[in-house]
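Below is one structure, written out as structure tokens; the observations come after it.
In UniProt numbering, the protein residues as written are 1 to 491.
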């Protein structure tokens, strides 16, 4: 059979399977009351006995649809894995449990076909460790209700078989919006929230998961309540290689104002976790620190790791627009974050050359990268998926508001971190107006910052003296994979 006909049949089969899965999800939801959402989740569950080996569909044109709050996790050989996420089409919320493998060197997507997989979810966390992709937590959401998870699943990257992970120890409560990073054979969890629609509980607890023993351990810090971070979700978390410190920055907590209207607190503080003390389990592990050059906003980042620094992309802040309303401002700023130096470096517009006062070989990574020209930056957005494959930064999707419409993006941009010669758009993504079914009220009530915003001035020392919150980072960490660990960008 001619190659083009074979590809066409394979593409049709893949599309048919995806349509069947979508139809099955809608059938489960049809006529189901919100109170039965837990029953819906049970219908998606599987076991070791029902799990099967999967296969990758390698068909030109196959790619994931628009989605937010997925995980995009790098592994070796220029491959990154996209799992889950959600999309609101103006009428209903679609939550996914599909898996895509992205080949960065070829700019090709391959879809994993398997009958057994984790329940659909978004705002979860993921990491690659020893030839497995692990996922934990997250939520299944409808227009009116959340179902939060505290289960763990892993995908064998050799057999492409999903399986639930049977864990022991003190398991974290169900949650989403938490952050996790890998460190020395442990998966470190902090924060998150649980929403019942009637009330939301935010966490500041700290857990360690051992990949070796599959055991959870809570790092008890209750008696140090005055010296640890406040509860929060959507913070930045970064674990540099060859360090016993993990950094936490920023985040968000939903509160209520005096008029009993929903309001939120944006955290601007930075903290270090002493992992040696965390393993001991009976000492204060937190240290509040100051950092220099931080951005003025503290949530909505996409984060990737490169040569032991964090690359922080995009973000969002809310500003008072008068009266009782807030205006969202979206950013396309890019920063490097060096935990050892406790400093942020903006990638500012420049002449694409390293510091002229130093030979290129002697310039620090931050000095080299801060010379990147951002004249053709990706459009502003929050919560983009960011990964580094090889020596290139990939930014995929994200969210921006246009009027009353929340636009889910699906474009992809790349930045060569060696040449530092500007951004390229390698995929414009789907036409949002073709996939959005609601009314397109695009009148402006949000705005975008096309240029990197000025960092908060180096005033952290003053803030710390006054015991104010001093800075923030929100990241889903990725580490190098030499048989070890890489975390997803953000969810």
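Each residue gets a CB set at the ideal place from its N, CA and C atoms; glycine is no exception.
Can you give me the start and stop residues for the beta strand (DSSP E) that residue 195 sits inside?
If you number the chain shown from 1, residue 195 lands on position 195. Going by DSSP, residue 195 is part of the beta strand (DSSP E) stretching over 193-195.
Quick one: what does DSSP say residue 226 is sitting in, helix, strand or coil?
Position 226 of the chain shown, counting from 1, holds the residue named residue 226. Per DSSP, reduced to three states, the secondary structure at residue 226 is helical.
For residue 277 and residue 401, the rounded distance between their alpha carbons:
Here the question's residue 401 lines up with position 401 in the chain shown. Here the question's residue 277 lines up with position 277 in the chain shown. Between residue 401 and residue 277, the C-alpha separation is close to 42 angstroms.
Inter-residue spacing [alpha-carbon to alpha-carbon] between residue 509 and residue 77:
In the structure as shown, the chain begins at 1 and stops at 491. Residue 509 is therefore absent and cannot be evaluated.
Contacts around residue 45, its chain only, beta-carbon distance under 7 angstroms, and the 5 residues preceding and following it disregarded:
If you number the chain shown from 1, residue 45 lands on position 45. Contacts found: 119.
Which listed residue (121, 79 and 112) has its alpha carbon closest to that of residue 96
If you number the chain shown from 1, residue 96 lands on position 96. Of 121, 79 and 112, the residue nearest in Cα terms is 121.
The alpha helix (DSSP H) that contains residue 44, what's its start and end?
Numbered from 1 along the chain shown, position 44 holds the residue referred to as residue 44. Run containing residue 44: 37-44, per the alpha helix (DSSP H) assignment.
Nearest to residue 378 by alpha carbon, out of 219, 340, 390 and 330?
Along the chain shown, one-based indexing puts residue 378 at 378. The candidate whose alpha carbon is nearest that of residue 378 is 330.
Measuring only the C-alpha atoms, how far is residue 488 from residue 198?
Here residue 488 refers to the residue found at position 488 of the chain shown. Here residue 198 refers to the residue found at position 198 of the chain shown. For residue 488 and residue 198, the distance between alpha carbons rounds to 30 angstroms.
Straight-line gap, residue 274 to residue 286 (C-alpha atoms, nearest Å)
Here residue 274 is taken as the residue at index 274 of the chain shown, counted from 1. Here residue 286 is taken as the residue at index 286 of the chain shown, counted from 1. Those two C-alpha atoms are separated by around 7 angstroms.
Look up residue 558 in the DSSP assignment and give the residues it is bridged to.
Nothing about residue 558 can be reported from this structure: the residues present for the chain run from 1 to 491 only.
Please go through the same chain and pick out, in chain order, the residues whose beta-carbon is closer than 7 angstroms to the beta-carbon of residue 578, but skip the five residues on each side of it.
The question about residue 578 has no answer, for the chain in this structure spans 1 to 491.
What does DSSP give as the partner residue(s) for residue 500 in the beta ladder?
The requested residue 500 is not part of the displayed model; the chain covers only 1 to 491.
Taking the C-alpha atoms as reference points, what is the distance between residue 39 and residue 421?
To locate residue 39, count along the chain shown from 1; it is residue 39. To locate residue 421, count along the chain shown from 1; it is residue 421. Whole-angstrom Cα-Cα distance: 52 angstroms.
From residue 290 to residue 340, what distance separates their C-alpha atoms?
Numbered from its first residue, the chain shown carries residue 290 at position 290. Numbered from its first residue, the chain shown carries residue 340 at position 340. About 12 angstroms.
Residue 153 versus residue 381: straight-line alpha-carbon distance, rounded:
Your numbering for residue 153 matches position 153 in the chain shown. Your numbering for residue 381 matches position 381 in the chain shown. Going by the C-alpha atoms only, they are around 30 angstroms apart.
Does the Cβ of residue 189 have 16 or more other Cβ atoms within 10 Å, making it buried, or fewer, making it exposed?
Working through the chain shown from its first residue, we reach residue 189 at position 189. Looking at its Cβ environment, which holds 16 or more other Cβ atoms inside 10 Å, residue 189 is buried.
Distance check for residue 169 and residue 390, CA to CA, integer angstroms please.
As a first step, residue 390 must be located in the chain shown, where it is residue number 390. As a first step, residue 169 must be located in the chain shown, where it is residue number 169. When rounded, the distance between both Cα atoms is 37 angstroms.
Start-end ranges of the beta strand (DSSP E) lying completely within the segment 225-297, minimum 3 residues:
236-238, 245-249, 252-256, 262-266, 270-274 and 286-289
Nonlocal neighbours in the same chain, by C-beta distance under 8 angstroms from residue 426, ignoring five residues either side:
Walking along the chain shown from the start, residue 426 turns up at place 426. Correct list, in chain order: 107, 412, 413 and 414.
Could you check the C-alpha separation between residue 407 and residue 280 for me, to the nearest Å?
Locating residue 407 in the chain shown gives position 407, where the first residue counts as 1. Locating residue 280 in the chain shown gives position 280, where the first residue counts as 1. Residue 407 and residue 280: Cα-Cα distance of roughly 46 angstroms.
Restricting to Cα atoms, I'd like to know which of 248, 263 and 211 is closest to residue 337.
Here residue 337 corresponds to residue number 337 of the chain shown, with the count starting at 1. Here the closest residue by C-alpha is 248.
Whole-angstrom distance between residue 334 and residue 319, CA atom to CA atom:
If you number the chain shown from 1, residue 319 lands on position 319. If you number the chain shown from 1, residue 334 lands on position 334. The C-alpha of residue 334 is placed about 21 angstroms away from the C-alpha of residue 319.
Measure the alpha-carbon distance for residue 398 versus residue 314 and round it to whole angstroms.
Translated into positions along the chain shown, residue 398 becomes position 398. Translated into positions along the chain shown, residue 314 becomes position 314. The straight-line gap from Cα to Cα measures roughly 9 angstroms.
Please classify residue 346 as buried or exposed, where buried requires at least 16 other C-beta atoms within 10 Å of its C-beta.
Along the chain shown, one-based indexing puts residue 346 at 346. Residue 346 is buried by the Cβ-count criterion.
Helix, strand or coil for residue 433, going by three-state DSSP, please let me know.
Numbered from its first residue, the chain shown carries residue 433 at position 433. Looking at residue 433 - three-state DSSP - the assignment turns out to be helix.
Would you mind sorting residue 369 into buried or exposed? The rule is 16 or more other CB atoms within 10 Å of its CB.
On the chain shown, position 369 is the one that residue 369 refers to. With a pLDDT of 44 at residue 369, under the threshold of 50, the predicted position of this residue should be treated as unreliable, though the coordinate-derived value follows. The residue in question, residue 369, is buried, as its Cβ has 16 or more Cβ neighbours within 10 Å.
Between which two residues does the beta strand (DSSP E) containing residue 206 stretch?
The residue given as residue 206 occupies position 206 in the chain shown. From DSSP, the beta strand (DSSP E) with residue 206 extends over 206-210.
Which residue wins for smallest C-alpha separation from residue 213, given the options 57, 185 and 192?
Indexing the chain shown from 1 puts residue 213 at position 213. Comparing Cα positions, the closest option is 185.
From residue 311 to residue 269, what distance separates their C-alpha atoms?
Position 311 of the chain shown, counted from the start, is the residue given in the question as residue 311. Position 269 of the chain shown, counted from the start, is the residue given in the question as residue 269. In a straight line, the C-alpha of residue 311 is about 19 angstroms away from that of residue 269.
Secondary structure at residue 213, three-state DSSP: helix, strand or coil?
Taking the chain shown and counting its residues from 1, the one referred to as residue 213 is at position 213. DSSP places residue 213 in coil when its eight states are reduced to three.
What did DSSP end up calling residue 346 once you bin it into helix, strand or coil?
Within the chain shown, numbered from 1, the residue matching residue 346 stands at position 346. Here residue 346 sits in strand by DSSP.
For residue 84, the nearest candidate out of 202, 117 and 175 (CA to CA)
In the chain shown, the residue the question calls residue 84 occupies position 84. Of the candidates 202, 117 and 175, the one whose C-alpha sits nearest the C-alpha of residue 84 is 117.
Are residue 157 and residue 227 touching if we call contact CB-CB under 7 angstroms?
Taking the chain shown and counting its residues from 1, the one referred to as residue 157 is at position 157. Taking the chain shown and counting its residues from 1, the one referred to as residue 227 is at position 227. It is not a contact, given that the beta carbons lie outside the stated cut-off.
Could you tell me whether the Cβ of residue 90 comes closer than 7 angstroms to any Cβ of chain C?
Chain labels in this structure do not include chain C; a single protein chain is all it has.
Helix, strand or coil: how does DSSP classify residue 143 here?
The count along the chain shown starts at 1 and reaches residue 143 at position 143. Looking at residue 143 - three-state DSSP - the assignment turns out to be coil, as it is neither helix nor strand.
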